[in-house]
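Participant:
Number of protein chains: 2
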Amino acid sequence: MARASRKLRVDDVPADADSDNRYEIVRAAARAFMVNGYAGTSIDMVADELGCTKGRIYYQYQGKADLFFDVQREAMRMNIAVIEPYVNAQGSAYERLRSMIEKQILLNMAEQPFQRVLVQGVEMHLEGSTTPAQREVLNMLIQRRDEYEQHFVTVVSQGVKSGEFRAVDPRLFVKVMLGSIIWLTVWYRPRPDETQPKRERLASEMTDYMLQGLKPEVAAEVRTR
Amino acid sequence: MARASRKLRVDDVPADADSDNRYEIVRAAARAFMVNGYAGTSIDMVADELGCTKGRIYYQYQGKADLFFDVQREAMRMNIAVIEPYVNAQGSAYERLRSMIEKQILLNMAEQPFQRVLVQGVEMHLEGSTTPAQREVLNMLIQRRDEYEQHFVTVVSQGVKSGEFRAVDPRLFVKVMLGSIIWLTVWYRPRPDETQPKRERLASEMTDYMLQGLKPEVAAEVRTR
DNA sequence: GTCTATACTAGGATAGAC
DNA sequence: GTCTATCCTAGTATAGAC
């Protein structure tokens, strides 16, 4: 009787801390879930993606929901890891915010499957069909998502308070900004020949569009022809 | 033998042009799909939402996919109907673009289910499991989506060319903008006590954040503290 | 036109071989 | 630890009553 499945992790330890084996599964799952969504993805599909049978997956995970949660947990971990260093770093609010956005955009380009599954999770409720252990992970995810968003709000607020930015509502401004970043995962198709500098230019230009509006001077209305 | 199911419409006639009955079904389907996604929604759920049994639904629609497509067709029709009047209207590019965005935001607030299902459709492929008739609708949807996006690109381009806006890449700028608008459907929760003016203020403020960056004057860099 | 009852299949999950 | 074989529920779709 093969019944070893590890417990679902609640902390933010990288998925590959347990084993490369498990990490291979999560990555395959991310790709499969991205294409067909949670309900539309069968465990067999994930196994196919990996080139094995579902026996291997059920040995490592208790079920589909656990696997889905682990993809999200890993995605959230990546996101926080990439922006957190800048929140309390040296430099102006503008510079820090700019770095956070650019890094997040580049991460979204590089890890599209994880990022898109993360969004699926946000939109999903998974109803009452969750075990207590799963609920715990779900709560952790929600908490981390708030934490993540709060990092942006913090930096924007600092810029507004110091007069570096114009007087926007930081929470609303961040929603607007995050929408642009997240939507990228839907329309952006990584081309294999695309160089890193090219990606960076795209990220930089997008960031410009998002941050131009924070400039304080203005007063002058947009010319109406 | 109950086998009357109408053919799937390909044009942009409102769903309720056929009958209120059919329209009632599409609206219920939109709500159900929004919550659980395409694969996660059973026809029984849609029937429950409507307070009937699946017999009624299968009488009007050939199957789940057809129903899903019809929700998307209706959503896309709403979107184009709401922005199209402004594209070639009188007024500056700024005024027209601003109206398009505000109207779209208000529509997203009012018709959340349709809008969120539309996004699901964009992200979905539905694999090869589509009939020729369904493919036709799918192609029409893709075409209309491009058309929709192109309307925004057109107005932004006009503004750039005339010097009314600064020199952004219109296509990229529109992607950034649309992300913010679409993401609204995920985080915004309509409160029953919320007044229309309140919604309009929110829409107006969001639009400000998106369009501030189009102003041409500038030249002055953001102060770095 | 909408209902209830039923067929059929996909897919989550487990058992036991290797 | 991974595979194959199997169980069983959930859900699409249809038939036929009303």
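Residue numbers (this note's numbering), protein chains in the order written: chain A, 708 to 932; chain B, 708 to 932.
In this text, a Cβ means the ideal position worked out from N, Cα and C, and glycines have one as well.
As the structure is a computational prediction, the values presented were derived from the model and not from experiment.
Residue range of the alpha helix (DSSP H) that residue 874 of chain A falls in?
Facilitator: That residue, residue 874 of chain A, is in no alpha helix (DSSP H); it is neither H nor E in DSSP.
Participant: Would the region 810-817 of chain A and the region 733-746 of chain A be scored as touching if the rule is three or more Cβ pairs under 8 Å?
Facilitator: As far as the Cβ criterion goes, the region 810-817 of chain A does not touch the region 733-746 of chain A, which means the pair count is below three.
Participant: Using the rule of at least 16 other Cβ atoms within 10 Å of the residue's Cβ for burial, across every protein chain shown, is residue 927 of chain A buried or exposed?
Facilitator: Only weak support is given to the placement of residue 927 of chain A: the predicted model assigns it a pLDDT of 49, under 50, and the value that follows is read from those uncertain coordinates. It is exposed - the Cβ of residue 927 of chain A has fewer than 16 other Cβ atoms within 10 Å.
Participant: Roughly how many angstroms separate the alpha carbons of residue 755 of chain A and residue 761 of chain A, rounded to a whole number?
Facilitator: Their backbone Cα atoms lie some 9 Å apart in a straight line.
Participant: Looking at the unbroken alpha helix (DSSP H) that takes in residue 654 of chain A, where does it start and where does it end?
Facilitator: With chain A represented from 708 up to 932, any question about residue 654 of chain A goes unanswered, as that position is not in the structure.
Participant: Could you check whether residue 893 of chain B and residue 830 of chain A sit closer than 8 Å to each other, using their CB atoms as the reference points?
Facilitator: Contact: yes.
Participant: Report the CB separation of residue 729 of chain A from residue 767 of chain A in whole angstroms; it is logged as a contact under 8 Å.
Facilitator: Rounded, the Cβ-Cβ distance is 5 Å, consistent with contact.
Participant: Just checking: is the beta-carbon of residue 916 of chain B within a distance shorter than 8 Å of some beta-carbon in chain A?
Facilitator: Yes - at least one Cβ of chain A is within 8 Å of the one on residue 916 of chain B.
Participant: Examine the Cβ distances between the region 872-889 of chain A and the region 908-917 of chain B and report whether three or more of them are shorter than 8 Å.
Facilitator: Cβ pair count under 8 Å is three or more, so yes.
Participant: Taking the CB atoms as reference points, tell me whether residue 833 of chain A and residue 773 of chain A lie closer together than 8 Å.
Facilitator: Not closer than 8 Å, so no.
Participant: List the endpoints of the continuous alpha helix (DSSP H) containing residue 861 of chain B.
Facilitator: Per DSSP, residue 861 of chain B belongs to the alpha helix (DSSP H) from 839-868.
Participant: Using beta carbons (cut-off 8 Å, strictly below), is residue 757 of chain A in contact with chain B?
Facilitator: Taking Cβ atoms only, chain B never reaches closer than 8 Å to residue 757 of chain A, which makes this a no.
Participant: For a contact defined as C-beta to C-beta under 9 Å, what are the partners of residue 858 of chain A on chain B?
Facilitator: Result: empty, since nearest Cβ-Cβ is about 17 Å, beyond 9 Å.
Participant: Would you identify the three-state DSSP class for residue 824 of chain B, choosing helix, strand or coil?
Facilitator: Helix.
Participant: Below 8 Å CB to CB, which residues in the same chain sit around residue 918 of chain A once its five sequence neighbours on both sides are set aside?
Facilitator: Counting only Cβ-Cβ distances below 8 Å, and skipping sequence neighbours, we find 801, 804, 805, 808.
Participant: When you compare the CB positions of residue 824 of chain A and residue 782 of chain A, do they come within less than 8 Å of one another, or not?
Facilitator: Yes, these two residues count as a Cβ contact at 8 Å.
Participant: Roughly how far, in whole angstroms, is the beta-carbon of residue 841 of chain B from the beta-carbon of residue 776 of chain B, given that I think they are within contact range, below 8 Å?
Facilitator: Between residue 776 of chain B and residue 841 of chain B the Cβ distance is about 6 Å, and since that is below 8 Å, they are a contact.
Participant: Take every Cβ of the region 890-905 of chain A, pair it with every Cβ of the region 866-877 of chain B, and state whether three or more of those distances are shorter than 8 Å.
Facilitator: The answer is no - the region 866-877 of chain B does not touch the region 890-905 of chain A, with fewer than three Cβ pairs under 8 Å.
Participant: Using 8 Å as the threshold, is the C-beta distance between residue 794 of chain A and residue 862 of chain A below it?
Facilitator: Taking 8 Å as the Cβ cut-off, residue 794 of chain A and residue 862 of chain A qualify as a contacting pair.
Participant: Helix, strand or coil for residue 785 of chain A? Go by DSSP, reduced to three states.
Facilitator: Three-state result, residue 785 of chain A: helix.
Participant: Strictly under 8 Å for the Cβ-Cβ distance: is residue 913 of chain B near chain A by that measure?
Facilitator: Interface residue, yes.
Participant: Which value, in whole angstroms, describes the spacing of the CA atoms of residue 648 of chain A and residue 736 of chain A?
Facilitator: Outside the displayed range of chain A (708 to 932) lies residue 648 of chain A, so it cannot be described from this structure.
Participant: Could you pull out every unbroken alpha helix (DSSP H) segment of at least 4 residues lying fully inside the region 715-768 of chain A, listed in chain order?
Facilitator: Runs of the alpha helix (DSSP H) inside the region 715-768 of chain A: 727-747, 750-757, 761-767.
Participant: Whose C-beta lies closer than 7 Å to the C-beta of residue 874 of chain B among residues of the same chain, with five residues either side of it excluded?
Facilitator: For residue 874 of chain B, where only same-chain residues beyond five positions count, the Cβ hits under 7 Å are 867.
Participant: Here's the rule I'm using: 16 or more other beta-carbon atoms within 10 Å means buried, otherwise exposed. How should residue 822 of chain B be labelled?
Facilitator: Buried is the call here.
Participant: Check whether the Cβ of residue 813 of chain A lies closer than 8 Å to any Cβ atom in chain B.
Facilitator: Chain B, which has no Cβ nearer than 8 Å to the Cβ of residue 813 of chain A, makes this no.
Participant: So what does DSSP say about residue 900 of chain A, is it helix, strand or coil?
Facilitator: Reduced to three states, the DSSP call for residue 900 of chain A is coil.
Participant: Taking C-beta to C-beta, are residue 790 of chain B and residue 858 of chain B nearer than 8 Å?
Facilitator: Contact flag set, yes.
Participant: For residue 919 of chain B and chain A, any beta-carbon pair shorter than 8 Å?
Facilitator: Output row for residue 919 of chain B: interface = yes.
Participant: Looking only at its own chain, which residues have a Cβ that is under 8 Å from the Cβ of residue 884 of chain B, when we skip the five neighbours before and after it?
Facilitator: Excluding residues within five positions, the ones whose Cβ falls inside 8 Å are 808, 859, 917.
Participant: Could you give the C-beta distance for residue 820 of chain A and residue 872 of chain A, rounded to a whole number, given that I count them as a contact under 8 Å?
Facilitator: Going by Cβ atoms, the distance from residue 820 of chain A to residue 872 of chain A rounds to 34 Å, so no, they are not a contact pair.
Participant: When you compare each of B:817, B:792, B:799 to residue 941 of chain B by their alpha carbons, which one comes out closest?
Facilitator: The question about residue 941 of chain B has no answer, for chain B in this structure spans 708 to 932.
Participant: Rounding to the nearest angstrom, what Cα-Cα distance links residue 905 of chain B and residue 748 of chain A in this structure?
Facilitator: So the two alpha carbons sit approximately 41 Å from each other.
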